[in-house]
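Just so we're aligned, residue 1266 is where the sequence shown starts under our numbering, counting upward by one.
Every residue gets a Cβ at the ideal spot worked out from N, C-alpha and C, and that includes glycine.
Bear in mind that the values here come from a model prediction, so they are computed numbers and not experimental data.
All remarks here apply to the structure that follows.
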Amino acid sequence: MLQALKSKTLADDVAQNLLGYIRRHGLNPGDLLPKEEELAAQLDVSRHIVREGISRLKAYGLVESRKCRGMIVTRPNAFAGVHKLAQAEVFSEAEWKEFMNLRIIMEIGMADFVHAKATPADIAELRELAGPPTLVHPVAEEVAFHSKLFSIGGNVMANQFMEALEGSFKYQIDVAERDPRQGKMTHLDLCDALESGTKEEFTAILKEHFKPHLDWLLNDKKGGIKLKV
1266 MLQALKSKTL
1276 ADDVAQNLLG
1286 YIRRHGLNPG
1296 DLLPKEEELA
1306 AQLDVSRHIV
1316 REGISRLKAY
1326 GLVESRKCRG
1336 MIVTRPNAFA
1346 GVHKLAQAEV
1356 FSEAEWKEFM
1366 NLRIIMEIGM
1376 ADFVHAKATP
1386 ADIAELRELA
1396 GPPTLVHPVA
1406 EEVAFHSKLF
1416 SIGGNVMANQ
1426 FMEALEGSFK
1436 YQIDVAERDP
1446 RQGKMTHLDL
1456 CDALESGTKE
1466 EFTAILKEHF
1476 KPHLDWLLND
1486 KKGGIKLKV
């Protein structure tokens, strides 16, 4: 037992030392870390302990092994845990309702950034992803279109959050099927507003696009976060 605890402590020390090394040297995603044998020699521990320490950083998404390159620094996904839980289908209907609420609020909140940063190439890609001029789309089309909107905003954390919440789109469509109120603005209307409208016009059309879902959330006693529109 004592030896096992000691080994665990050494592996944790290796992980902390590596974090310090990454910070001190200002390493960025894609930069190489020293080889296992170099780390073992510098830290005066076995390669087995080094591997254990590295595995802790891998679990956080801070490093990964690349074939023919070695160990590199990576950008962690802050919402990887949420993504795994969503894939495991452990969230309740009430929780998906809250996720849908948060996703819509975030997307409306990013409207100014999307409008300011959208390029002609971005808008052209959005038009390809928009699908037919209809108010109801399959989940895959909804995910692709709104994920692209998020990515235009340029916030990496928001993109990671969006990727983790694919299930909220399915829930949104399930809600629409149960309560078939439909909005007036399609994906193509959003593209038009982004291309030729002001940021205020784009935001207004985005809100109108989400209006049936916002109405449903605001009128439901268990809707969670309230949004003034």
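Beta-bridge partners of residue i, as assigned by DSSP
i     : result
M1375 : Its beta-bridge partners do not exist; DSSP assigns none.
L1367 : Paired residue(s): none; L1367 is not in a bridge.
L1284 : L1284 is not bridged to any residue.
L1297 : I1337
Whole-angstrom distance between residue j and residue i, CA atom to CA atom
i     : j     : result
L1284 : S1311 : 19 Å
S1461 : K1413 : 18 Å
P1299 : L1292 : 12 Å
G1318 : H1411 : 38 Å
W1361 : L1304 : 45 Å
E1428 : C1333 : 29 Å
D1387 : G1396 : 15 Å
M1464 : E1393 : The sequence given here places Lys at residue 1464; Met does not occur at that position. Spanning the two alpha carbons is a distance of roughly 22 Å.
T1399 : L1327 : 42 Å
S1504 : F1426 : As displayed, the chain neither begins before 1266 nor continues past 1494, which places residue 1504 out of reach and without an answer.
L1455 : E1473 : 10 Å
K1271 : A1359 : With a pLDDT of only 49 at K1271, under the threshold of 50, the placement of this residue in the model should not be trusted; the figure read from the coordinates follows. Cα to Cα, K1271 sits roughly 44 Å from A1359.
L1459 : P1385 : 10 Å
W1481 : P1341 : 35 Å
K1349 : F1467 : 33 Å
E1407 : L1308 : 50 Å
V1355 : S1416 : 27 Å
G1295 : P1403 : 36 Å
A1351 : D1457 : 33 Å
H1313 : R1288 : 24 Å
D1277 : M1371 : 37 Å
A1469 : S1330 : 46 Å
K1476 : E1390 : 24 Å
A1383 : A1306 : 50 Å
Boundaries (first-last residue) of the alpha helix (DSSP H) holding residue i
i     : result
E1317 : R1312 to A1324
D1309 : No alpha helix (DSSP H) holds D1309; DSSP gives it neither H nor E.
E1390 : P1385 to L1394
M1450 : Segment: none, M1450 is in no alpha helix (DSSP H) and carries neither H nor E.
A1353 : Where A1353 is concerned, there is no enclosing alpha helix (DSSP H), given that its DSSP letter is neither H nor E.
N1424 : V1421 to A1429
V1401 : Looking at the DSSP string, V1401 is not in any alpha helix (DSSP H), and its letter there is neither H nor E.
N- and C-terminal bounds of the beta strand (DSSP E) containing residue i
i     : result
V1328 : V1328 to R1331
V1338 : G1335 to V1338
Whole-angstrom C-beta distance between residue j and residue i, which should lie under 8 Å
i     : j     : result
H1478 : M1365 : 7 Å
I1373 : L1483 : Between L1483 and I1373 the Cβ distance is about 13 Å, and since that is not below 8 Å, they are no contact.
V1315 : E1301 : 5 Å
R1368 : L1430 : 5 Å
Within-9 Å CB hit, residue i to chain D
i     : result
L1479 : Of the protein chains in the structure, only one exists, and it is not chain D.
Closer than 8 Å: residue i CB and nearest the ligand MG heavy atom
i     : result
H1474 : Absence of the ligand MG is noted for the structure shown, with no ligands found whatsoever.
* **Validate contact between the segment 1343-1352 and the segment 1366-1381 using beta carbons, cut 8 Å, 3 pairs** => No, because fewer than three Cβ pairs between the segment 1343-1352 and the segment 1366-1381 fall closer than 8 Å, the two stretches do not touch.
* To do: Indicate whether the contact test is met: 3 or more Cβ pairs, each with one atom in the segment 1321-1334 and one in the segment 1277-1297, closer than 8 Å.
  => Result yes; three or more Cβ-Cβ pairs closer than 8 Å.
* Touch check for the segment 1329-1337 and the segment 1416-1431: three-plus C-beta pairs under 8 Å? -> Touching, no, given that fewer than three Cβ pairs across the two stretches are closer than 8 Å.
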